[in-house]
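Single-structure report; data block below.
Number of protein chains: 4
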Amino acid sequence: MATKNTPQRDAVATKARILDAATSEFAHKGYDGARVQSIALNAKVNINLIYHYFQDKENLFVAVMEAAYSIVRSHHGDLELRSLPPDEAMRRLIIATFRMAIEFPEIIGLLTAENMQLGRHVRGSSLISSLYDTLLDFIKDTLDRGSARGMFRGDVDPAQLFISINAEGYFYLSNRYTLGAILRRNLDSKENLAQRENFICDIIMGYLRPI
Amino acid sequence: MATKNTPQRDAVATKARILDAATSEFAHKGYDGARVQSIALNAKVNINLIYHYFQDKENLFVAVMEAAYSIVRSHHGDLELRSLPPDEAMRRLIIATFRMAIEFPEIIGLLTAENMQLGRHVRGSSLISSLYDTLLDFIKDTLDRGSARGMFRGDVDPAQLFISINAEGYFYLSNRYTLGAILRRNLDSKENLAQRENFICDIIMGYLRPI
Amino acid sequence: MATKNTPQRDAVATKARILDAATSEFAHKGYDGARVQSIALNAKVNINLIYHYFQDKENLFVAVMEAAYSIVRSHHGDLELRSLPPDEAMRRLIIATFRMAIEFPEIIGLLTAENMQLGRHVRGSSLISSLYDTLLDFIKDTLDRGSARGMFRGDVDPAQLFISINAEGYFYLSNRYTLGAILRRNLDSKENLAQRENFICDIIMGYLRPI
Amino acid sequence: MATKNTPQRDAVATKARILDAATSEFAHKGYDGARVQSIALNAKVNINLIYHYFQDKENLFVAVMEAAYSIVRSHHGDLELRSLPPDEAMRRLIIATFRMAIEFPEIIGLLTAENMQLGRHVRGSSLISSLYDTLLDFIKDTLDRGSARGMFRGDVDPAQLFISINAEGYFYLSNRYTLGAILRRNLDSKENLAQRENFICDIIMGYLRPI
DNA sequence: GATGAATGAGGTTTCATTCAT
DNA sequence: TATGAATGAAACCTCATTCAT
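Protein chains in written order, with this note's numbering: chain R, 1 to 211; chain U, 1 to 211; chain E, 1 to 211; chain C, 1 to 211.
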């Protein structure tokens with residue numbers, strides 16, 4: 001009978017299951033609210049396996065963050081935008097940014113957790129900052145290309161724009177419950193998400209119009 | 001008659017001290033990370049006084065949130081914008097929104113905590129939604145006045161704009177640590193805060209330009 | 001009825017009970033073998049009270065050691081030997097040393113625990129070394145007085161003698177189980193203890209005889 | 001045929017390595033403080049090998065103790081003292097006893113561990129008591145020979161003397177940290193060890209002088 | 001023989017909370 | 001009003017040990 005079967009005793013799969021469960025737990029509860037036991041339950045592993053593979057809760061959190069950043073990086077990598085005209089490229093970046101937060105919803109909770117801890121983990125990790133360098137370069141290039149062609153205004157700060165592109169979607173999602181109460185609607189609904197996506201494009205592209 | 005050292009005044013002051021300490025603690029640590037003991041310490045009261053006045057941690061958190069919303073309301077109430085021309089009114093609203101988050105920095109942590117708890121407390125509290133109704137009305141009116149005068153484009157959704165006005169500043173502040181790592185600057189510095197304030201005005205007002 | 005009663009809720013008594021139980025536990029099981037839960041049980045207190053009063057296990061151990069040294073000090077202080085003739089004074093010191101280890105049997109286990117931890121706690125604590133200074137002085141004086149009167153030999157090192165006086169009784173008691181197996185007797189019996197006491201006097205005093 | 005890298009030799013060597021590491025671990029940490037994992041690490045073997053060869057921690061401890069007693073026995077066996085004059089024989093025994101504890105320093109920690117466990121293992125093991133019978137006989141004979149020749153006093157209890165010969169060195173070494181703090185010197189230094197050896201000879205031989 | 005995966009028991013500690021004064 | 005004593009629940013983590021390969 002086939003070598004290498006038995007879904008149990010598969011270290012790689014088990015580690016992945018733990019990491020998945022931990023990602024969800026930390027994203028939804030924050031670092032302090034997360035329970036190692038609850039992660040074990042969701043990963044269907046004995047709690048001690050978590051300590052076996054990840055030493056302690058702190059370390060597990062770091063592993064989760066690193067995996068998350070790695071997912072973000074691969075998302076960025078998938079974009080093939082440099083050959084597109086600047087307005088189309090920018091529009092696609094805006095949409096991709098928003099959709100990533102929807103398709104990988106844990107990223108918001110994780111970043112929130114990270115910031116609540118004053119960026120304890122991200123601080124000093126050159127890996128993470130460098131991860132965004134290509135993205136920032138791309139924004140700068142696109143702005144240059146766009147203003148050269150008279151498509152964009154010429155006075156845009158790429159860093160500020162980067163923040164805003166993220167802010168518009170992130171805040172909508174991260175604060176959906178208080179916003180939902182204020183606006184008396186369910187921000188998670190398909191229609192509302194689509195509407196927000198459109199608005200984000202409008203506000204950024206509207207701002208970029210030449211003066 | 002006043003038996004013994006002015007008990008009434010003290011009660012009020014003590015409660016206020018507890019509330020202040022709790023506001024800071026919940027804002028910085030989140031609900032789960034907050035420690036009742038630590039609140040007692042910072043408020044310089046015996047921990048039991050907290051239970052005496054606020055029953056339990058959950059209740060204390062609710063009291064903190066309500067006090068926070070009340071501060072937000074008073075900020076809004078202070079604005080006297082209806083008599084101003086629409087562009088000036090809008091600009092002032094944008095600035096006031098950003099500055100409130102800087103002057104009352106705990107509000108960000110508190111809203112984050114609230115949303116991490118799925119808005120458990122805000123949900124159903126008509127008090128809070130009504131709190132923003134006048135603000136949303138103001139935005140709608142101003143947009144109408146502005147587009148009537150040809151100052152603003154005519155297709156702006158007031159609710160989306162409200163979200164964006166908040167998003168632009170909130171995200172910058174709430175995610176300052178991860179953003180700071182990515183951009184390699186200290187987002188808290190005076191200059192960077194002023195620069196962001198300008199950019200937020202630019203992006204919103206730039207978008208509102210007539211088509 | 002009388003103020004200040006109710007044996008429960010008496011902090012001093014409770015702390016003392018915890019300290020007693022901890023002394024016994026650490027003496028019998030060593031630091032690593034000691035169980036905080038077991039201490040709580042024997043002290044008839046909730047385990048958390050131990051943490052309330054002593055922070056953690058390590059700290060509790062330190063408190064136990066300090067209490068033990070304090071008992072030792074008071075034993076030394078009780079001796080009024082300086083007015084006695086040197087041989088009588090020395091004999092009484094020898095007996096007192098042995099009897100203290102019998103009357104406060106935990107001291108042996110505690111010192112063993114301390115030494116197994118490489119004296120982590122005693123190291124640097126000037127309190128402890130100074131505690132023995134008067135005792136060492138007394139031994140030196142007595143040796144001087146004795147040799148001056150021709151009662152003792154003149155070449156005795158007081159520090160070495162101090163070690164030996166303690167060694168003779170301590171080793172007998174600390175290693176009573178292996179020794180008991182080798183010698184096929186119960187070293188704890190009244191007779192055997194008395195016999196040992198006599199022998200210790202004999203060996204020290206026999207050695208001290210003038211050459 | 002020798003399938004795969006000399007398995008037999010390895011087994012013996014591996015077991016020996018485990019035993020060595022375990023001896024050190026138990027001696028330094030005591031039974032409860034010892035970690036099987038740490039033993040595996042120091043022996044450079046997989047932890048499961050320890051369970052393979054020794055079943056469990058308790059059993060490993062027993063094996064360590066038996067190996068230790070066997071070393072002690074071989075030390076005794078090496079002594080060829082019966083043909084020497086009694087005073088010289090006695091002096092050599094005293095020195096050999098002290099030096100064994102220095103050359104095989106783990107013996108002290110192991111005996112301490114054994115006694116802390118109330119001699120659980122040594123109890124009933126006739127092997128161990130018999131191990132010392134020849135030694136006790138030798139002491140008795142030597143005392144007899146010595147007093148017959150007028151070299152020693154005639155009233156010495158051999159068992160008590162045996163205890164003292166061991167006590168004088170064992171206590172010095174086992175309690176070196178507390179003693180070191182009290183006396184403010186490093187008892188492990190070459191000079192201090194030599195000085196102690198001399199003193200132990202002096203005190204025993206001094207006591208044995210005829211009355 | 002040797003190794004990594006997995007588990008169960010239990011230990012220390014934290015923390016919210018109640019009780020008694 | 002205010003405070004220290006006391007408690008229960010549960011969290012994190014360690015460690016010996018077994019299982020499967």
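Yeah, the Cβ is synthetic: ideal placement off N, Cα and C, and Gly gets one too.
Within the same chain, no Cβ atom closer than 6 Å to the Cβ of U:S130 is found once the five residues on either side in sequence are excluded. Straight-line measurement puts the Cα of U:A27 at about 39 Å from the Cα of R:F152.
Within the region 15-76 of chain E, the complete alpha helix (DSSP H) segments of 4 residues or longer fall at 36-43 and 47-54, listed in chain order. Residues of the region 165-182 of chain U that bring their beta carbon within less than 8 Å of a beta carbon in chain R comprise N166, A167, E168, Y170, F171, Y172, S174, N175, R176, Y177, T178, L179, G180, A181 and I182, in sequence order. No residue range can be given for R:S125, since it is assigned to no alpha helix (DSSP H) and is classified by DSSP as neither H nor E. At the C-beta level, C:G146 and C:M100 stay beyond 8 Å of one another. The beta carbons of R:G119 and U:T178 sit closer together than 8 Å.
For R:M205, the uninterrupted alpha helix (DSSP H) run begins and ends at K190 to L208, by DSSP.
C:F199 reaches chain E at D157 and Q160, counting residues in chain order whose Cβ is nearer than 7 Å. Contact of E:S83 with chain C by beta-carbon distance below 7 Å is absent, the smallest such distance being about 25 Å.
Among the residues of chain R, those whose CB is under 8 Å from the CB of U:R209 are G206 and R209, following chain order. What C:G33 touches in chain E, judged by beta-carbon distance under 8 Å, is G30, Y31, D32, G33 and M116, going in chain order. Going by C-alpha positions, R:V62 is about 10 Å away from R:E114. Going by DSSP, C:N115 is part of the alpha helix (DSSP H) stretching over E106 to M116. Around the beta carbon of E:S189, fewer than 16 other beta carbons sit within 10 angstroms, so the residue counts as exposed. In this structure, C:I200 places its C-beta atom within 8 Å of the C-beta atom of C:G169.
Just measuring C-alpha positions, the residue of U:H76, U:V12, U:E25 and U:Y207 sitting nearest U:D133 is U:H76. Taking 8 Å as the cut-off, the Cβ atoms of U:I128 and U:F162 do not count as close. Among the CB atoms of chain U, none fall inside 8 Å of the CB of R:S24.
Among the residues of chain U, those whose CB is under 8 Å from the CB of R:L111 are N175 and T178, following chain order. Closest by C-alpha distance to C:D20, out of C:S83, C:I165, C:Y31 and C:A40, is C:A40. Within the same chain, S147 come within 6 Å of R:G154 by CB-CB distance, once the 5 residues on both sides are set aside.
For U:R92, no chain R residue has a Cβ inside 9 Å of its Cβ, as the nearest lies near 19 Å away. Under the 8 Å criterion on CB atoms, R:R184 is classed as interfacial with respect to chain U. Annotation: the continuous alpha helix (DSSP H) that includes E:R176 extends over R176 to L183. About 7 Å separates the CB atoms of U:V64 and U:L110; that is less than 8 Å, so the two are in contact. Counting the other CB atoms within 10 Å of its CB gives U:E103 a total below 16, which places it among the exposed residues.
Under the three-state reduction of DSSP, E:F152 is assigned to coil, being neither helix nor strand.
Secondary structure of R:P158 (DSSP, three-state): helix. Residue burial is scored here from C-beta neighbours: R:R196 has at least 16 other C-beta atoms within 10 angstroms and is therefore classed as buried. Residue contact check for E:V72 against chain C: no CB pair falls below 8 Å. Excluding the 5 residues flanking it on each side, R:N186 has same chain C-beta neighbours closer than 8 Å at G180 and N192, in chain order. Sixteen is the threshold: since fewer than 16 other Cβ atoms of the shown chains lie within 10 Å of the Cβ of R:P85, the residue is exposed. Around E:S147, no beta-carbon contact reaches into chain C at under 9 Å, the shortest distance being about 14 Å. About 19 Å separates the CB atoms of E:Y207 and C:G150; that is not less than 8 Å, and the two are not in contact.
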